[in-house]
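Enquirer: This is the structure I have questions about; it appears just below.
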Amino acid sequence: MLLGRTANGLYWMNRYIERAENMARLVDAGLRMALTRTQSASEEWNSVLLSAGADVAFKQKYSDYTAANVADFLLRDTSNPSSTMSSIETARNNARMVRTALTRETWESINEAWMALKRMLAKPIDERDLPTVLDAIKRETALIRGSFYGTMLRNEIFDFSQLGTYVERADNTARILDVKYYVLLPSISWVGSTLDNYQWESILRSVSAHRSYRWVYDADYKPTNIADYLILNVRMPRSLTFCYRFLAEHLKFLGDDYGERHACHATAEKTQTMLRAGSIKDIFDAGLHEFLANFIRDNTRLGDEIAQDYRFY
Amino acid sequence: MRLAAFDEMLPEVSGLRRPYLAYDRWLKEQDPARLTEKMQDAERVFRKTGITFAVYGEQEASERLIPFDIVPRIISGNEWRRLTQGIEQRVQALNAFLDDIYHRQEILRAGRVPRELIAKNEAFLPEMIGVRPPAGVYTHIIGVDIVRISEDEFYVLEDNARTPSGVSYMLENRETMMQLFPELFQKIKVRPVENYPQLLRQSLAAVRPQSTKGAPTIAVLTPGSFNSAYFEHAFLADQMGVQLVEGQDLRVVDGHVAMRTTEGYKQIDVLYRRVDDSFLDPLTFRPDSALGIPGIMDVYRAGNITIANAPGTGIADDKAIYSYMPEIVEFYTGRKAILGNIPTWRCSEPDSLKYVLEHIHELVIKEVHGSGGYGMLVGPAATKKECEAFAKKLAAKPSNYIAQPTLALSTCPILTDKGLAPRHVDLRPYVLVSDRIQIVPGGLTRVALKEGSLVVNSSQGGGTKDTWVLDD
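As structure tokens, this is what we get:
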């Protein structure tokens, strides 16, 4: 038996852990772009901010798109509720609230990540230290994930945690694609200019997939392959299909355990079926942007339904 | 002013005391540098585990550690037996007093406790008149604060009969000591405290409502994760294997208190609440309380839920009532109190007030309803100005204060940069009441870390020690 409030805490704890890491990954990709292509750096930072959903808030505070400003805003600014620091803080507050549902190892890994990042992000980051800081963020969240997978019982507590992780991850991947969807459109360039190549690599880098892409597809970046990889590949851990495979699975476990199906089951299955049946050509033909916009909307609705169906409030 | 205090390890007169013999032998073999390292290890363990408490009004330091000292406080089996007899008697009297005060009030009729002390007291809940809690137990969990001033003299400083805290520190301190010095526990037979959560659970289950079918559902009610004792609430719920709930999780459904789960509302039979009386039910008490459950008092009066501790137990540990405890113990148990009270002047009485004002520099003066070491004056440690200011407050509202002599609380050594040094300590053993009374052999030793200080409260710079009761 699980309190609705606890399920809510587990769900958001995991969304925020995922988000803390995603911010670091986005900054990482932006940094790489800025280092290799100084001319369009500010444009690149702008799409990083768009992917992070933080462009409006950023513009209220800064006028320059520099690595230092963006990194500060996305990593350590506590006035930005989605920054890594804010996210890890919110994740820890949720973990504290649901502490009785977590193994000691899981709680300690979150608490230690919070302590380490608080220390590391206390002062503005020297640009030279940025790679070290980004590595540290990824390492801390990896440790949390490791303790979690290694020690948690696979019960409803695990299910609600995973729902949070995959709803957040699907949202993140879809947003990254949507911000850059135009560079993937075949009408612009089939050949792939140098600029396109950088853009494509940047997309893959923001989901830590620039190496694994080559294991699956050709060594050359092709926009349809990239879109296929991030949307339809079943084995790529950040693809939309992968996320929905697990969302559907954990919802099914909950439905079986409780002996009750809800609206969220239908929503998740509908998206899963759509992804399974789809080919990347169909998606491009119908419009990549429209596809992604619909996906993001449905994914948000799934989150709301889960909260309602399982009495989070 | 320095008080000549009784040191529990090494009194000046008689030399090393028996309970510390084995520990002292071990200590002498240790490398001081290693001990300092262990001290730092302990702090790391506490931080990592998140055993912290919140200090109100301090933004930055909103999560602090209670300093932990690695020198144990050791009590012999004999000393413990004497203490437990006294505590048992006192706890029986407290429950009998509560039952009486909310029913026939015989002690008032007999003139042993003044009527106005009850009627005007905020801790007295008229809503509890005539209510008999399940199994007849009012105060289920009690933390009796005990001080020692010599080889044979123990006094009760306070009876915490509402929602005593600190038991998680008793458990974590032991856990930490066993991690740091496993070899010590092989050499010295220390009675275990680890089963406290199981005992608590059994004790709570034993006082379930009569109407409960099957195994009772127990929950711990916390004000939330921003409460100063939240760690402890979570810890106890976890160790007992019960739900940790907040007011927002609960509502009254079909005459029972129920919690909102992912599968709908589920009935609760026993609620170990760590929320104050006034926040418990906005329909009965503070209407602005968001921490409680509207209507829980109706469920309680109908006998459909056990609330531990019962609402209204505060009347038994009120500082104004405290001074009557020797009479209360005798009235209900028919015997003289085994554990004494500290002599107390009630400032509401003109003669006492006069004495207190004249001797303010020698006395400890406390607010009747205060807690946590706030709002008190330690005369000998205060400046002339502080005493004068306090005297004014006292004269303006005498009934708000009691005064006690400044006792030379016993000391116990702590490890400092310069080696061992004596510091004042007190002791809070934890008592569980159901169909029986159980006292876990140990407790929380609080220690004033500042040299010469008598204030052991964690909110005022106090620390804690592991407390050993020897199996001898």
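Residue numbers (our numbering), protein chains in the order written: chain L, 460 to 772; chain H, 261 to 732.
Glycine included, every Cβ here is placed at the ideal spot set by N, Cα and C.
In this text, all values refer to a predicted model and were calculated from it rather than measured experimentally.
When you compare the segment 382-398 of chain H with the segment 568-578 of chain H, are there three or more beta-carbon pairs, one atom per stretch, that lie closer than 8 Å?
Expert: yes
Enquirer: Based on DSSP bridge pairs, tell me the residues matched to residue 403(H).
Expert: Here residue 403(H) refers to the residue found at position 143 when the second sequence is read from its first residue. Per DSSP, 420(H) and 690(H).
Enquirer: Rounded to a whole number of angstroms, what is the C-alpha to C-alpha distance between residue 577(H) and residue 420(H)?
Expert: To locate residue 577(H), count along the second sequence from 1; it is residue 317. To locate residue 420(H), count along the second sequence from 1; it is residue 160. Straight-line Cα distance between these residues: approximately 6 Å.
Enquirer: Name, please, each residue of chain H whose Cβ falls closer than 7 Å to the Cβ of residue 556(L).
Expert: Mapped onto the first sequence, residue 556(L) falls at position 97. Within chain H, the residues near residue 556(L) are 485.
Enquirer: Whole angstroms is fine: what's the gap from residue 562(H)'s alpha carbon to residue 514(H)'s?
Expert: Within the second sequence, numbered from 1, the residue matching residue 562(H) stands at position 302. Within the second sequence, numbered from 1, the residue matching residue 514(H) stands at position 254. If I take the Cα positions, the gap works out to 12 Å.
Enquirer: Assuming residue 466(H) and residue 694(H) make a contact with CB atoms under 8 Å, what is their CB distance in whole Å?
Expert: Working through the second sequence from its first residue, we reach residue 466(H) at position 206. Working through the second sequence from its first residue, we reach residue 694(H) at position 434. About 4 Å; that satisfies the 8 Å criterion.
Enquirer: So, is residue 566(H) buried or exposed, given that buried needs 16 or more other C-beta atoms within 10 angstroms?
Expert: Taking the first residue of the second sequence as position 1, residue 566(H) is located at position 306. The residue in question, residue 566(H), is buried, as its Cβ has 16 or more Cβ neighbours within 10 Å.
Enquirer: Measuring straight from C-alpha to C-alpha, what distance separates residue 318(H) and residue 324(H)?
Expert: For this step, residue 318(H) is matched to residue 58 along the second sequence. For this step, residue 324(H) is matched to residue 64 along the second sequence. Low confidence applies here, because residue 318(H) scores a pLDDT of 42, under 50, leaving its location unreliable; read the following figure in that light. Rounded to whole angstroms, residue 318(H) to residue 324(H) spans 10 Å at the Cα level.
Enquirer: In chain order, what are the residue ranges of uninterrupted alpha helix (DSSP H) at least 4 long that sit wholly in the segment 279-343 of chain H?
Expert: 281-288 and 292-309
Enquirer: Under 7 Å, CB to CB, which of the residues in the segment 451-476 of chain H have a partner in chain L?
Expert: none
Enquirer: Below 8 Å between beta carbons: does that hold for residue 410(L) and residue 522(H)?
Expert: With chain L covering only 460 through 772, there is no way to say anything about residue 410(L).
Enquirer: According to DSSP, is residue 627(H) helix, strand or coil?
Expert: To locate residue 627(H), count along the second sequence from 1; it is residue 367. Residue 627(H) falls in the strand class under three-state DSSP.
Enquirer: Note the first and the last residue of the continuous beta strand (DSSP E) segment covering residue 392(H).
Expert: As a working note, residue 392(H) is residue 132 in the second sequence. Residue 392(H) -> no beta strand (DSSP E), and no H or E assigned at all.
Enquirer: Alpha carbon to alpha carbon, how far is residue 415(H) from residue 626(H)? Give it in angstroms, no decimals.
Expert: Along the second sequence, one-based indexing puts residue 626(H) at 366. Along the second sequence, one-based indexing puts residue 415(H) at 155. Cα to Cα, the separation comes out at about 17 Å.
Enquirer: I think residue 690(L) touches residue 698(L), with their Cβ atoms under 8 Å apart; what is that distance to the nearest whole Å?
Expert: By 1-based counting over the first sequence, the position of residue 690(L) is 231. By 1-based counting over the first sequence, the position of residue 698(L) is 239. That belief holds up - the Cβ atoms of residue 690(L) and residue 698(L) are roughly 6 Å apart, short of 8 Å.
Enquirer: To the nearest angstrom, how far is it from the Cα of residue 602(H) to the Cα of residue 584(H)?
Expert: Within the second sequence, residue 602(H) is the residue found at index 342, counting from 1. Within the second sequence, residue 584(H) is the residue found at index 324, counting from 1. Each residue's alpha carbon lies about 11 Å from the other.
Enquirer: Assess, as a yes-or-no matter, whether the segment 424-432 of chain H is touched by the segment 582-597 of chain H under the definition of 3 or more beta carbon pairs within less than 8 Å.
Expert: no
Enquirer: Candidates 501(H), 460(H) and 346(H): which alpha carbon is nearest residue 590(H)'s?
Expert: Working through the second sequence from its first residue, we reach residue 590(H) at position 330. For residue 590(H), the nearest C-alpha among the options comes from 346(H).
Enquirer: On a CA-only basis, which of 771(L), 660(L), 721(L) and 680(L) is nearest residue 492(L)? Give me that one, please.
Expert: As a position in the first sequence, residue 492(L) is number 33, starting the count at 1. Closest option to residue 492(L), Cα to Cα, is 660(L).
Enquirer: Straight-line CA distance for residue 320(H) to residue 307(H)?
Expert: For the purposes of this step, residue 320(H) is taken as residue 60 along the second sequence, with counting starting at 1. For the purposes of this step, residue 307(H) is taken as residue 47 along the second sequence, with counting starting at 1. Any reading at residue 320(H) must be qualified, since the residue scores a pLDDT of 44, below 50, and its modelled position is unreliable; no value is offered.
Enquirer: Express the C-alpha separation of residue 751(L) and residue 726(L) in angstroms, rounding to a whole number.
Expert: Position 267 of the first sequence, counted from the first residue, corresponds to residue 726(L). Position 292 of the first sequence, counted from the first residue, corresponds to residue 751(L). For residue 726(L) and residue 751(L), the distance between alpha carbons rounds to 16 Å.
Enquirer: I'd like to know whether the C-beta atoms of residue 436(H) and residue 545(H) end up nearer to each other than 8 Å.
Expert: Here the question's residue 436(H) lines up with position 176 in the second sequence. Here the question's residue 545(H) lines up with position 285 in the second sequence. In this structure, residue 545(H) does not lie closer than 8 Å to residue 436(H) by Cβ.
Enquirer: Along the chain, which unbroken stretches of the alpha helix (DSSP H) at least 4 residues long are found entirely within the segment 518-571 of chain L?
Expert: As far as the segment 518-571 of chain L is concerned, its whole alpha helix (DSSP H) runs of at least 4 residues are 526-530 and 543-556.
Enquirer: Hey, does residue 764(L) have any beta-carbon neighbour from chain H nearer than 8 Å?
Expert: Here residue 764(L) corresponds to residue number 305 of the first sequence, with the count starting at 1. Chain H contact via Cβ: absent.
Enquirer: Name, going along the chain, the residues of the segment 538-555 of chain L whose beta-carbon falls closer than 8 Å to a beta-carbon of chain H.
Expert: 552 and 555
Enquirer: Are the beta-carbon atoms of residue 404(H) and residue 688(H) separated by less than 8 Å?
Expert: Here residue 404(H) refers to the residue found at position 144 of the second sequence. Here residue 688(H) refers to the residue found at position 428 of the second sequence. It is a contact, given that the beta carbons lie within the stated cut-off.
Enquirer: Within the continuous beta strand (DSSP E) that includes residue 726(H), where are the two ends?
Expert: Start at 1 with the first residue of the second sequence, and residue 726(H) comes out as number 466. Element bounds for residue 726(H): 722-729.
Enquirer: For chain H, find out if any of its Cβ atoms is closer than 8 Å to the Cβ of residue 625(L); answer yes or no.
Expert: Along the first sequence, one-based indexing puts residue 625(L) at 166. Closer than 8 Å: no.
Enquirer: Going by C-alpha distance, which of 472(L), 489(L), 468(L) and 477(L) is nearest residue 664(L)?
Expert: As a working mapping, residue 664(L) is identified with position 205 in the first sequence. Ranking the options by Cα distance to residue 664(L), first place goes to 489(L).
Enquirer: Would you list, in sequence order, the uninterrupted beta strand (DSSP E) runs of no fewer than 3 residues that lie entirely inside the segment 419-498 of chain H?
Expert: 478-481
Enquirer: Let's test the definition: count the other Cβ atoms within 10 Å of the Cβ of residue 370(H) and tell me whether it reaches 16, buried, or not, exposed.
Expert: As a working mapping, residue 370(H) is identified with position 110 in the second sequence. Classification for residue 370(H): exposed.
Enquirer: Helix, strand or coil: which one does DSSP assign to residue 567(H)?
Expert: For the purposes of this step, residue 567(H) is taken as the residue at position 307 of the second sequence. Correct three-state label for residue 567(H): strand.
Enquirer: Report the three-state DSSP secondary structure of residue 582(H) (helix, strand or coil).
Expert: Against the second sequence, residue 582(H) aligns to sequence position 322. The three-state secondary structure of residue 582(H), taken from DSSP, is helix.
Enquirer: Would you list, in chain order, the members of the segment 500-511 of chain H that have their beta-carbon closer than 8 Å to a beta-carbon of chain L?
Expert: 503, 504, 505, 506, 508 and 509
Enquirer: Grab me the residues of residue 468(L)'s own chain with a C-beta within less than 6 Å of its C-beta, minus the 5 sequence neighbours each way, in chain order.
Expert: Within the first sequence, residue 468(L) is the residue found at index 9, counting from 1. Hits under 6 Å: 553, 556 and 557.
Enquirer: DSSP three-state call for residue 708(H): helix, strand or coil?
Expert: On the second sequence, position 448 is the one that residue 708(H) refers to. Strand at residue 708(H).
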